[in-house]
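> To start, I am sharing the structure in question, which I have written as structure tokens.
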Amino acid sequence: MRTLILGGTRFLGRATAQLAVEQGHEVTCAARGVSGVAPAGARFVPVDRDDPQALAQLAGEGFDAVIDVTRQISHARYALDALAERVGHWSFVSTISVYADHTTPGQTASDAPVLPPAPPEVDGPVGPDHRWYGECKVSIEELVRERMGVDRSFICRAGLIVGAEDPSDRFPYWVRRLSAGGEVLAPGRPTDRVQFVDVADLAGWLLHAAGTGLTGTYDGTGPAMSRADLLHGVAAGLGVTDPVLTWVDQEFLLAHDVREWSGERALPLWVRLPETGGLMDRDAAPALGAGLAIRPLSDTVRATAAWMAAEPAAVRQGGLDPADEAAVLREWQAVRDR
Ligand SMILES: NC(=O)c1ccc[n+]([C@@H]2O[C@H](COP(=O)([O-])OP(=O)(O)OC[C@H]3O[C@@H](n4cnc5c(N)ncnc54)[C@H](OP(=O)(O)O)[C@@H]3O)[C@@H](O)[C@H]2O)c1
């Protein structure tokens, strides 16, 4: 099978290219080569997709499947202009950020409302908060369906992607924190929902979709679980028995400038409830029914930890630092013991 990955030099695109090589695909990765390198065994074609003609060099080849991870509307348009006629199946990696409602739990991709497409003057996400990210992905989804037809397009709206080579500080924070031991600040309630997908599972599903001609629009995420199961599962995957988790109220954390999701002073995989209760509690059943296979959490933890140990310089050090965590825990205990 001839498979073209538009990307392939980092995280999901790279994992997908790697797995495709292992599965015997004839793999081409087209990117600049700025973010990293394509995996061994894949052909790398250097292209800058800002150039409308950049993919013309591949137009004569014909591919059974294309997998595109872009966030830029023009990049998607140029790729479809150059390749749509000669490609059997087109997968576009979108995001759950396309949804208009992040409050309601249990929403399903087939009928959940999405944001409007990006306004005409916007081509890609802007600034540190990635303004227009969801809207740009909506625009690209529409372009792909329009140009490939619904019978040749697969739209995968990825949830939080975790695992080896994760460029974010989110899942790695919890691997680092639980392996360090001691009293761990666990945000919110043990029963709060969290949801994510292992990069290797998502890569496997993208290739399954390409190989079987799966079409339609799905959320690409695993089943939601409780935060207690996540933290105990991460500990278990690391071989840490009986982690000491101190659950701290959301309102107390917010009042002490502990932030949500990602970045400085943030506790990853934690968002405020009920306002953001839909973000990590989506209906994974359609994807699971359409071939998304989810590995045990312990495998994800071990793969992440092995990568963090092998490439420490590549691991982003975000989240609440140990001194700040200890200070918040001291204050919490003082309030609780009063
Ligand atoms: N991480 C998450 O938790 C998460 C959650 C939901 C959805 N997603 C989606 O999942 C996908 C993740 O994709 P990813 O991990 O493979 O990588 P990515 O971070 O989206 O990387 C973009 C890819 O495009 C290439 N690229 C960027 N600018 C280019 C240009 N001007 N010309 C040619 N190539 C260019 C990059 O390679 P070069 O820089 O080498 O050119 C890289 O391979 C994205 O679509 C993202 O929106 C991610």
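Numbered per my numbering, the sequence shown spans residues -7 to 330.
We treat Cβ as the ideally placed atom computed from N, Cα and C, and that holds for glycine.
1) Would you mind stating whether L245 and P179 have Cβ atoms separated by less than 8 Å?
2) At 3 residues or longer, and completely inside the region 109 to 187: list those beta strand (DSSP E) runs for me, N to C.
3) Ligand 1 heavy atoms versus the CB of S27: any closer than 7 Å?
4) Assuming A12 and L199 are in contact, meaning their beta carbons sit under 8 Å apart, how far apart are those beta carbons, in whole angstroms?
5) Going by beta-carbon coordinates alone, are S218 and R185 separated by less than 8 Å?
6) From the DSSP output, in three-state form, read off A92 for me.
7) Hey, quick one: how far does the alpha helix (DSSP H) through S83 stretch, first residue to last?
8) Along the beta strand (DSSP E) that carries I65, what are the first and last residues, could you check?
9) Out of A302, A326 and L194, point me to the one whose CA is closest to A276's CA.
10) Per DSSP, what kind of secondary structure is R35 in: helix, strand or coil?
11) Could I get the ranges of all uninterrupted beta strand (DSSP E) runs contained in the region -6 to 56, with 3 residues as the minimum, in chain order?
12) Using 8 Å as the threshold, is the C-beta distance between S83 and A201 below it?
13) Using DSSP bridges, identify the partner residues of M217.
14) Between A92, P111 and T96, which lies nearest to P105 when the distance is taken from Cα to Cα?
15) Between L259 and G208, is the Cβ-Cβ spacing less than 8 Å?
16) Looking at the secondary structure, which residues open and close the alpha helix (DSSP H) in which G203 lies?
17) Of the choices R308, L4, A220 and Q309, whose alpha-carbon is the least far from that of L152?
18) Specify, as a first and last residue, the run of the beta strand (DSSP E) that W253 falls within.
19) Give me the Cβ distance between V90 and R149, rounded to the nearest whole Å; I'm assuming they're in contact under 8 Å.
By the coordinates alone:
1) For this step, residue 245 is matched to residue 253 along the sequence shown. For this step, residue 179 is matched to residue 187 along the sequence shown. Taking 8 Å as the cut-off, the Cβ atoms of L245 and P179 count as close.
2) Whole beta strand (DSSP E) segments, 3+ residues: 145 to 150 and 175 to 179.
3) Taking the sequence shown and counting its residues from 1, one reaches residue 27 at position 35. Indeed, a heavy atom of ligand 1 lies less than 7 Å from the Cβ.
4) On the sequence shown, position 20 is the one that residue 12 refers to. On the sequence shown, position 207 is the one that residue 199 refers to. Contact between A12 and L199 holds, since their C-beta atoms are separated by about 6 Å, short of 8 Å.
5) Here the question's residue 218 lines up with position 226 in the sequence shown. Here the question's residue 185 lines up with position 193 in the sequence shown. Yes, they are a contact pair.
6) Along the sequence shown, read from residue 1 onward, the residue named residue 92 stands at position 100. Three-state DSSP puts A92 in coil, outside helix and strand.
7) Along the sequence shown, one-based indexing puts residue 83 at 91. Unbroken run through S83 is the beta strand (DSSP E), V79 to T87; no alpha helix (DSSP H).
8) Position 73 of the sequence shown, counting from 1, holds the residue named residue 65. No beta strand (DSSP E) contains I65, which is instead part of the alpha helix (DSSP H) from I65 to L75.
9) Counting from 1 along the sequence shown, the entry for residue 276 is found at position 284. Nearest neighbour of A276 by Cα position, chosen from A302, A326 and L194, turns out to be L194.
10) Translated into the one-based positions of the sequence shown, residue 35 becomes position 43. Residue state, collapsed to three classes: strand.
11) Secondary structure remark: continuous beta strand (DSSP E) runs of at least 3 residues inside the region -6 to 56, in chain order: -6 to -2, 18 to 23 and 35 to 38.
12) On the sequence shown, residue 83 is found 91 positions in, with the first residue counted as 1. On the sequence shown, residue 201 is found 209 positions in, with the first residue counted as 1. Less than 8 Å divides the Cβ of S83 from the Cβ of A201.
13) For the purposes of this step, residue 217 is taken as the residue at position 225 of the sequence shown. Paired residue(s): V186.
14) Here residue 105 is taken as the residue at index 113 of the sequence shown, counted from 1. Measuring from the Cα of P105, the nearest candidate turns out to be A92.
15) One-based indexing of the sequence shown puts residue 259 at position 267. One-based indexing of the sequence shown puts residue 208 at position 216. No, Cβ-Cβ distance for L259 and G208 is not below 8 Å.
16) Here residue 203 refers to the residue found at position 211 of the sequence shown. Unbroken alpha helix (DSSP H) run through G203: V191 to T204.
17) Translated into positions along the sequence shown, residue 152 becomes position 160. Out of R308, L4, A220 and Q309, L4 has the C-alpha closest to the C-alpha of L152.
18) Translated into the one-based positions of the sequence shown, residue 253 becomes position 261. Element bounds for W253: R251 to W253.
19) For the purposes of this step, residue 90 is taken as residue 98 along the sequence shown, with counting starting at 1. For the purposes of this step, residue 149 is taken as residue 157 along the sequence shown, with counting starting at 1. Correct: roughly 6 Å between the Cβ atoms.
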